[in-house]
Structures are given as structure tokens and as C-alpha cells.
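Visitor:
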Amino acid sequence: MLKVTNLHATVDGKEILRGINLEVKAGEVHAIMGPNGSGKSTFASVLAGNEKFTVTEGSVEFLGEDLLDLSIEDRARKGLFLGFQYPVEIPGVTMANFMKLAVNEQRKYRGEEPLTAAEYLKLMREKAKVVELDTKMTSRAVNEGFSGGEKKKNEIFQMAMLDPKLAILDETDSGLDIDALRVVATGVTKLHTAENATVVITHYQRLLDYIVPDYVHVLYKGRIIYSGDRSLALKLEKEGYDWLINDLKE
Amino acid sequence: MTIYEYIESIKEQPACLGGVLRFEGTNDQVQVLDGANKRITLAADARCKLLVVHRTAQNVSMEVELGERAVLTMAVLYPENGVGAEGKVQVVQQEASRLQMTALQLASSTLQVEVDLVARDAESVVNALFAIGAEEQSRLSIRTNHRSSDCRSSSVVRGLAGGKAVGAFDGMVYVAPDAQRTDAFQQNRNMLLSETARIDTKPQLEIYADDVKCSHGATVGQMDNEAIYYMRQRGLDEQQARRLQLTGFADDLVMRCGCEQLCELLMEELNHKLDRI
Amino acid sequence: MATDNEKDLLESLAEEEYKYGFTTDIETEFITKGLSEEIVRTISEKKGEPEWMTERRLQAFRHWQTMKLPTWAHLDIPEIDFQEIIYYAAPKPKKPLGSMDEVDPELKRTFDKLGIPLEEQMALAGVAVDAVMDSVSVKTTFRETLAEKGIIFCSISEAIREYPELIQKYLGSVVPYTDNFYAALNAAVFSDGSFCYIPKGVRCPMELSTYFRINAAGTGQFERTLIVADEGAYVSYLEGCTAPQRDENQLHAAVVEIVVERDAEVKYSTVQNWYPGDKEGKGGVYNFVTKRGLCRENAHLSWTQVETGSAITWKYPSCVLLGDNSSGEFYSVAMTNNYQQADTGTKMIHLGRNTRSRIVSKGISAGKSQNAYRGLVRVSKGAEGARNYSQCDSLLIGDQCGAHTFPEIDCRNRTAILEHEATTSKISDEQLFYCNQRGLSTEDAVGVIVNGYAREVLQKLPMEFAVEAQKLLALQLEGSVG
Chain D
1 MLKVTNLHAT VDGKEILRGI NLEVKAGEVH AIMGPNGSGK STFASVLAGN EKFTVTEGSV
61 EFLGEDLLDL SIEDRARKGL FLGFQYPVEI PGVTMANFMK LAVNEQRKYR GEEPLTAAEY
121 LKLMREKAKV VELDTKMTSR AVNEGFSGGE KKKNEIFQMA MLDPKLAILD ETDSGLDIDA
181 LRVVATGVTK LHTAENATVV ITHYQRLLDY IVPDYVHVLY KGRIIYSGDR SLALKLEKEG
241 YDWLINDLKE
Chain H
251 MTIYEYIESI KEQPACLGGV LRFEGTNDQV QVLDGANKRI TLAADARCKL LVVHRTAQNV
311 SMEVELGERA VLTMAVLYPE NGVGAEGKVQ VVQQEASRLQ MTALQLASST LQVEVDLVAR
371 DAESVVNALF AIGAEEQSRL SIRTNHRSSD CRSSSVVRGL AGGKAVGAFD GMVYVAPDAQ
431 RTDAFQQNRN MLLSETARID TKPQLEIYAD DVKCSHGATV GQMDNEAIYY MRQRGLDEQQ
491 ARRLQLTGFA DDLVMRCGCE QLCELLMEEL NHKLDRI
Chain Y
528 MATDNEKDLL ESLAEEEYKY GFTTDIETEF ITKGLSEEIV RTISEKKGEP EWMTERRLQA
588 FRHWQTMKLP TWAHLDIPEI DFQEIIYYAA PKPKKPLGSM DEVDPELKRT FDKLGIPLEE
648 QMALAGVAVD AVMDSVSVKT TFRETLAEKG IIFCSISEAI REYPELIQKY LGSVVPYTDN
708 FYAALNAAVF SDGSFCYIPK GVRCPMELST YFRINAAGTG QFERTLIVAD EGAYVSYLEG
768 CTAPQRDENQ LHAAVVEIVV ERDAEVKYST VQNWYPGDKE GKGGVYNFVT KRGLCRENAH
828 LSWTQVETGS AITWKYPSCV LLGDNSSGEF YSVAMTNNYQ QADTGTKMIH LGRNTRSRIV
888 SKGISAGKSQ NAYRGLVRVS KGAEGARNYS QCDSLLIGDQ CGAHTFPEID CRNRTAILEH
948 EATTSKISDE QLFYCNQRGL STEDAVGVIV NGYAREVLQK LPMEFAVEAQ KLLALQLEGS
1008 VG
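Chains as they are written, first to last, in the numbering used here: chain D, 1 to 250; chain H, 251 to 527; chain Y, 528 to 1009.
#1: Check whether the Cβ atoms of Ser-859 of chain Y and Thr-840 of chain Y lie closer than 8 Å to each other.
#2: Please identify the residue among D:Glu-23, D:Gly-19, D:Thr-5 and D:Ile-16 whose C-alpha is closest to the C-alpha of Tyr-215 of chain D.
#3: Can you check which of these residues, D:Ala-180, D:Ile-168 and D:Lys-165, is closest to Lys-152 of chain D by C-alpha distance?
#4: Just the C-alpha distance for Gly-625 of chain Y and Gly-836 of chain Y, rounded to the nearest angstrom, thanks.
#5: Which residues does DSSP pair with Tyr-328 of chain H in a beta bridge?
#6: Kindly indicate which three-state DSSP category Ala-650 of chain Y falls into: helix, strand or coil?
#7: Whole angstroms is fine: what's the gap from Gln-489 of chain H's alpha carbon to Arg-482 of chain H's?
#8: Closest to Phe-380 of chain H by CA distance: which of H:Glu-476, H:Leu-443 and H:Glu-456 is it?
#9: May I ask you to list the residues that DSSP assigns as paired with Asn-440 of chain H?
#10: Can you list, in chain order, the residues of its chain with a C-beta nearer than 7 Å to that of Gln-454 of chain H? Leave out the 5 residues immediately preceding and following it.
#11: On the criterion of 16 or more Cβ atoms from any shown chain inside 10 Å, does Ala-117 of chain D qualify as buried, or is it exposed?
#12: Tell me whether the region 97-111 of chain D and the region 194-202 of chain D touch, counting them as touching only if at least three CB pairs, one residue from each stretch, are closer than 8 Å.
#13: Would you mind working out which of Y:Tyr-615, Y:Ala-714 and Y:Ala-972 sits nearest Ile-570 of chain Y, comparing C-alpha positions?
#14: Output the distance between the C-alpha atoms of His-466 of chain H and Lys-560 of chain Y, rounded to the nearest integer angstrom.
#15: Per DSSP, what kind of secondary structure is Arg-448 of chain H in: helix, strand or coil?
#16: Starting from Ile-683 of chain Y and walking both ways along the alpha helix (DSSP H), at which residues does that stretch end?
#17: What residues are listed by DSSP as bridge partners for Arg-297 of chain H?
#18: Whole-angstrom Cβ separation of Val-748 of chain Y and Ser-718 of chain Y, contact assumed at under 8 Å?
#19: Write down every uninterrupted run of the alpha helix (DSSP H) in the region 489-524 of chain H whose length is 4 residues or greater and which is fully enclosed by it, in chain order.
#20: For chain H, is any of its Cβ atoms less than 8 Å away from the one on Arg-77 of chain D?
#21: Could you name the residues of the same chain whose beta carbon sits closer than 7 Å to that of Arg-492 of chain H, not counting the 5 residues immediately before and after it, in chain order?
#22: Determine the chain D residues that contact Phe-499 of chain H at a beta-carbon separation under 8 Å, and present them in chain order.
#23: Our contact map puts Leu-516 of chain H next to Cys-507 of chain H with C-beta atoms below 8 Å; I'd like the distance itself, whole angstroms only.
#24: For a contact defined as C-beta to C-beta under 7 Å, what are the partners of Arg-939 of chain Y on chain H?
#25: Could you pull the start and end residues of the beta strand (DSSP E) that Tyr-900 of chain Y belongs to?
#26: Please go through the same chain and pick out, in chain order, the residues whose beta-carbon is closer than 6 Å to the beta-carbon of Lys-299 of chain H, but skip the five residues on each side of it.
#27: Looking only at its own chain, which residues have a Cβ that is under 6 Å from the Cβ of Asp-531 of chain Y, when we skip the five neighbours before and after it?
#28: Around the C-beta of Thr-769 of chain Y, are 16 or more other C-beta atoms found within 10 angstroms, so that it is buried, or is it exposed?
#29: From the DSSP secondary-structure annotation, give me the bridge partner or partners of Trp-841 of chain Y.
#30: In chain H, which residues lie with their C-beta within 9 Å of the C-beta of Gln-158 of chain D?
#31: Based on Cα-Cα distance, which residue from H:Glu-318, H:Gln-344, H:Glu-345 and H:Ser-358 lies nearest to Gly-337 of chain H?
#32: Given this structure, state the Cα-to-Cα distance separating Gly-148 of chain D from Pro-605 of chain Y, to the nearest angstrom.
#33: DSSP three-state call for Leu-232 of chain D: helix, strand or coil?
#34: Any beta-carbon of chain Y closer than 8 Å to the one on Gly-467 of chain H?
#35: Helix, strand or coil for Trp-801 of chain Y per DSSP?
#36: Short check: CB of Arg-584 of chain Y to CB of Ala-715 of chain Y, under 8 Å?
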């Protein structure tokens, strides 16, 4: 589904990603871990097409197409979803309106008819349940005045609405208390199928208690320096990154 | 229904004609006014809805008196492709009367609103939005005079300027000596949409009483690129994302105009303008 | 500030009416009152100025004659007869000054009463004081220490004689005589003031401080200050004012110019405590000040002021942010009581790219006073990425005073982000009750609350100034409650 080959990217002339290789297949869950400043969020942003970053080398193939060639919105419409670490507030625009536009744009891209108001409402109610979201929230402005937990729940709700092929969740667990974490993680797990894939970027292994990854990768200084299975996350939790980084130096 | 269709449909309404209007009781239908100078009086306990449309370059000066407990819901519209009309609305509010005014400047225009709260418990809400582009210039001044104790006023003003447009807002909340327990709020937010647009804003307070709650705020900013990126990540194209941000900036002000019918009429005008700004 | 400290301060103010209201008995030399080309020439001559300086004064005078008094401020200014003012008064030194010991003992006593540490205390305080008594700089200390670093800190008269190239380059470069009525007047008749030059890359090791005093009766004071921080330099400059009690009104029209060259930083702090007039509004200083700084690339200028004195204050310390990435700040507490009037604020002119400014203004009105904030934030077309944040609060004490806010934002660049907020409030009965219940008198409670309200600004002042400022705030509030 996703094939990243030797990806390099810079911001303001500074190289952050220095040759990332990663392959994600349908049905898989990948976790990307790593110390602060290793380039985890940059990697997610570059895949989503954030214009702050410049790709200087390498390629990304998504569902058989050159991802880097697509605009931000076309990547989204094709089924790439980025769960933001800091979801953006859009004052005055209600969630319901915003999602209706997004859902219908995606349908248009696929050559489908837009949803009628009734169909849309039904879909919204159904998906709100996935993340235990009060449907009243959808009449509020996007992320405006939301608590940290509400914002993250709202991200997963949008993910449910858009039903992506590949979801990249950037630090979705940060700033959540244990109940919110459970709700968010359970939501993500419920949405996972054999046809889609999830990449979870996280600092802590606690999220991986809920979202069980097939692969765990360690990103350090813009490269994946180590990959393993679930047990790697547990080992990192216990022993930190030093043993890996020291290994690298030797 | 557009405003013009609406005006056509109620043309026979005699209340709209003549220079002096007096309302008693409750008038449910939105009355449309345009043209000459007007004096409007709402008797005690009267309720009425007014729409003033500046279709021609003719200057319009209105004097409005709200009797005790009278409620006036009113909108002043300078439609798109207007011709630089000047308007002046002076409102005097008696005890416990309520004014809910929404002004929409979608073309070059000058609007002066002055509200005098002369008896206790009077409440005034004056909201305004200007959305201009090209070479348009709009000026707006809102002066609220708290001349009695225990009155409330609130003013929310939004400004959108694109092209080479110049938008100017001059706000003043005056609180007279002895106008104690005044509650006054004034907020002005502006968005510049082009390299060459200009915003000039003066949100002022002049206060001579001490037991007051007065606050104002003003901001000038631009489109939020983070929000645009966020919306595009959810599949909206750039233009849709920009348009949605304008909607979010402007809509709620019109939504709060206090009358569903007025709201529909104004929204249509606003959306048309926002598509082109 | 610790609570204990606050309490001490509040206690110490109980006895004072106007502590600094005394007159020093020194021989003073006057020239005849009134203003003419002749007078301007005489002033220049008395000061032994070179010809070019006399010409500059005359040019300013001629321009001033064509100007009208500004009337836009929210001030009720009694008519000022500019021909009734004596434009020059210099204390006559009894003999030429060679050392500290030779300073006029009367003068030294005055400074002692003011609590200004002029001698060894200054070394301990780490402050060099250029004490300006009336119009002529009498004694400048720490010159040698500063000279080692190449820092020039002297009276402006001396600078005109000794450093003509610097004066010709910088004087009037930020505030030209054409700027406004009072700036023109000052340019024509300025008596003395301070000049400070920090050379390239030098951090001034101590806080430079000038105490101004109006002394002789009926004398206008026209101070001229010029501060130049050359590339990469840093200086913190303190200006404090106290004036003796007088019945007649006194005019004060100072000009302060600051040039902040590339990568340099200047902090300018003021505690202004001119005589505010009595409880009936009789007397007091009219204070019309033009203060402005020019910031080049990467430069930073910070104005902090505590304004408690003067019958009338008209003052807008401003920053012209000319260079890219330059920044300006304005922190102000302005308190008015009795019949005082203040119209003060700032202008932030954003011209360079990525320029930043911050305004925090705290107005406090009591008695029958009028207190206005007036500000302008202008972003020019080329000022990409400009940012401003302004916060203007007003606190009302009593129901006979006025608090006004007149901000203006003029934005011509769409990448600017500008925010302005303002609130008006009074000290709530609940707050007072709470303090009373904990044993504070109402007066003390007001003092504590006001100091808390002004805290954000007071914190920006150098320590010794902060203490004095707190005292002054409390002092000014006496009799305004209860």
C-alpha cells in the first residue's frame, strides 16, 4: 500500500529526514517510535504533503501511484488520513458542515454521488458512536474550545467518517488521560480492517497496549535505525533508546 | 428569495412609504425601507422588524426612537455593486427597550450608527460586517452612548478586505458620569485577504463612571494557513478551504441577526459576495 | 515583590503629603522672560555653543512660530502664555568644580533629601548619575569608569562642544524639530540634558541614570536627551523626576531621542513624579514630552514608564521599527488623582520585516482625574510578518474620574498579526471586603490591589526603581478611598 524509499526532506534548508525506507501493507499496523526531534512528526507531515517541508530525494508510492506528485487534498481523497498532533481550530465552521464537505469531496473524487442530508446524518450518528462522541459536538466549530481529549476524539471521529486506506496518527495519545486514551485507541482498533493500514507515531508504549502493532520502528536522526515486533516497544519502554543509539555509534 | 424579490413581493405594504413611520403592537413581517430620510418610532411595547437597503447613491439618514420595552430587530444592507451610499442611523432607546441591529457593507459605503441609551435596562446589540474587495472603501462608525445606569451594549464588528480595498472602523463606547452598572462590550476582528488591502481600526472607550464592565478587543490577521492545510488534509481543495474560512469568519454574525427571515435574505447576499471577494 | 516589602512601603507613606515638595536655596541665574530670536541667541551664547548649533536653534524657532498648539489630546489645557516663561535658568556654581567635594553643599543636601545616592552609595548601587538641577548639568559621576569602555555619558551641552560630529549626526535625527509644536519649542530653547553614546559591541556595565528636577520658580524646563547605542551595544537608562511643590504652573517640554543601531538594545525606564498640583487642582507641572526611538536591523528598544506626577501629562514614547527583525516594547503605568490629567501611550511604527511590538498599558484613575491611553500601531506595506500585541487596562477608583482608551490600528500588510485588548474595571467591594476581613485597612488594601494590578509593568523596572514606583503609586492614592 505504502512504499517509502530513501526519503529525504528539509525544512528551512535543514535536513530532517535522511533516507527513510518503509513498506506498509494492507491489514498491517506499524508503530514509529523514537526520541524527541528524531523526525517522527516530520515524516507524517511529509506524507500528508505539508508545504513547509521540501522533499529533496527519494520516492513514496501509495496505492501504486507517486504520492509526492499529488496535492494535499488529492492524497486525502485517495485515502491518506493524518491525525494531527495539534488539531487546528477553525473558528465559525461547524464540524458537521466541515465533514459534509470533506466526505462529499472524497465521493466526488471517486466518481460517486454526494450524500443526501439524511444519509449524511445517518453516517455521522453511526460514526460518532465509534469514538463515543456526543453528536452535539458536531454542531460546534471545528476544534474551537475543545479540550485536548475532545480534539483527539474528534480526529478519530473524522477518520471514521472518511474511512481512509492509510491512517497516520501523529502522537494521538499525547495529552490524554487514561479514559480518553482507551476511547481513542478502541476507536482506532474498531476501524482497523484487513483492507486498511495504520501507522501510529508515539512516544509511549502505553498506546500500543490497545493498538497492537505488527511492526515497531525506531526513528533516529531522520532514519529508521531498527525495526522489530511488538516486543521492541516493551524493551524501549524499559531500557530507553540509549542501547540502540550506542549500538549505532559503534 | 433574494432581497429584490422580497421587496417586489411586499411592495403594496403601505407602512414602507412616507417619511415618518410609527409602529404599534407586533409587526411580524420584515418591513423594507430604502430612499429618503426617515423617522421611525416604536411605541411602548411595540415590536418590529426592519430591513434598510441602500440600493442607490442617495444618502439616508434615519432617526429611530424606541419606546419603553419596544423591540426593534433591524438590518442595514449595502448590497454588492452598490454605489457608495452614505447612511446614518441614530437610535434613542427608552427604558428596557431592545435594539438588535445587523449591518452588512458589501460595497463602498459609509455608515454611521449612534445609539443613545437614555433610560435604565435598555439594551443595544449592534453587529456589523464589511466584506469588500477591488477598489472599494467602506467606513463604519458605531458610537454607543450610555447615558443612563444599568444599560447593556454589545458590538461585534468583522472586516474582510481584499484587492485594494480600504476598510475603516471607528468604534466608541461612551459611559456618562452616573451611568453606573454599565455593561459594554466591543469586539473588532479583521482579515486582510490581499497584499494591497488596508484596515484602519479605532476601538475606543471613554468612561466617566466607575462601576462599569467595559471591554473591547481588536485584531487584524490573515487567513490561517495551518487551518487551510488541515482542511486540505481532509480532502477539501484550497479554494474550498479558503471559502470555508471566510464563511466561518462571517456567518455567525449574520446568523445572530435575530430574525430567521432577515437571516436568509442577508445570507444570500453575503454568500454571493464572499464567492467573489 | 514580597508582601513584607509591600507592607513596609504602605506604612512608610502614611505621613507624607508631598515628600519631595521643597525648594533648594541656591543662587540661580535667569535671563529675561519671553521668547524671541534674541532670547534663542542668548541661550546659545550662554552655553558657549558653536555657530552651527545656534543656527539649528534659530531654524527650529522660526518653524515653531508657524505652528499651532495641538488640541487633539483628551486634555483640558489652560492657556499657556509662552511669552511669560523664563527659558533659561542655571545655578551659578560658586567656584569651578574639580572634585566631588566641590559640589555645592546645598545641592548635595537636596539630593540627599531625595535619597539619591550621589557619592559612594552610587558605586554600591552600581548607578552613575548625571544629575540635572534645573538646566545645567552640575556633576557627572563615573565618567572615568565609563570612559574606559569608550562610553560617553555627559550633558548635552558638553557633548555639543566635545563631540560635534556625533551630535550633528544624531541630534534631531529621530525627532526632527518639525515633528510637533513642543518638539520645535524644545529644539529652539533646550537648556540642557544628557547625552549617552555606547560604542560598537559594548555592554554598558551599569545602569545609567539621570535625575531631573525643576527648581527655580517659574522656569520652564526643556530637557534634551540623546542616547545612541551603536551596533551590538547595550544600555539600560533610568530617568527619574521629582519636583518641588509650587503654586504656579510649570511647563516642561522634553525631547528624548534614542538611536538603536543594528543588533543593539536599549532599555529606557522612567519614574515620573513631577508635582501634580494640590487637591484642588492648583499648580502642578505641565508635562509635554516627545520620546521616540529608532530601531535598526535586529535592534530592540523597551520603554517602561511609571507616570504618577504632573498636572497634565502628554507623552507617547514610541518606536520606529525600521530595521528587519527589530522589536519595540512599551510598558506603562499611569496614575492620576485629584484633578490630574494624563493622555499617554505609544506609537509602534512597523516598517521593517518581521518586526515585533508589545504594548502593556495600565491606567489608574482616582479623584476627579482624567486618564487616557492613546496608541497607534501602524504596519506599512513592506512590513512583512509584523506582530503586535497590545493590552490596555483601566482601573477606576471613585465615581468622579474618567478612564479612556483611544487605540488605533492601521494595517497595510496582510501578513501582519495584530491584537488589541482592553478592559475597564474598578476595585470590587468583594476584594476590599476580603482584604479588610484579613485585617488590612481600606487604604492599604487599595495599595496592594493597585500594585498587583500594575505588577506586570513594575516588574520590568530595575529593582531600585520598582521600589520607588510602588511607593509613588501608594502615595498618589492617598485620600482617594473611603
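Even for Gly, the Cβ is constructed at its ideal location relative to N, Cα and C.
Guide: On the basis of the coordinates in this document:
#1: no
#2: D:Glu-23
#3: D:Ala-180
#4: With a pLDDT of only 46 at Gly-625 of chain Y, under the threshold of 50, the placement of this residue in the model should not be trusted, and no figure is reported.
#5: H:Gln-355
#6: Any reading at Ala-650 of chain Y must be qualified, since the residue scores a pLDDT of 32, below 50, and its modelled position is unreliable; no value is offered.
#7: 10 Å
#8: H:Leu-443
#9: H:Gly-409 and H:Val-470
#10: Gly-421 and Met-422
#11: The residue is exposed, with fewer than 16 neighbouring Cβ atoms inside 10 Å.
#12: Touching, no.
#13: Y:Tyr-615
#14: 47 Å
#15: strand
#16: It spans 683-689 - the alpha helix (DSSP H) in which Ile-683 of chain Y sits, taken as one unbroken run.
#17: H:Thr-276 and H:Val-321
#18: Note that residue 748 of chain Y is Gln in the sequence shown, not Val. By a beta-carbon distance limit of 8 Å, Gln-748 of chain Y contacts Ser-718 of chain Y. Their separation comes to about 7 Å.
#19: 510-524
#20: yes
#21: Met-473 and Ile-478
#22: Pro-91 and Gly-92
#23: 6 Å
#24: Arg-448
#25: 897-906
#26: Val-280, Thr-323 and Cys-509
#27: Confidence is the limiting factor: at Asp-531 of chain Y the pLDDT is only 46, short of 50, which leaves the residue's position unreliable, though a coordinate-based value still follows. Excluding sequence neighbours, Asp-531 of chain Y sits near nothing in its chain.
#28: Because the pLDDT of Thr-769 of chain Y is 49, which lies under 50, any placement of that residue in the model is unreliable, and the question is left without a value.
#29: Y:Phe-815 and Y:Asp-870
#30: Within chain H, the residues near Gln-158 of chain D are Arg-484.
#31: H:Ser-358
#32: Just so you know, the alpha carbons of Gly-148 of chain D and Pro-605 of chain Y end up roughly 58 Å apart.
#33: Assigned with DSSP and collapsed to three states, Leu-232 of chain D falls in helix.
#34: yes
#35: coil
#36: In this structure, Ala-715 of chain Y lies closer than 8 Å to Arg-584 of chain Y by Cβ.
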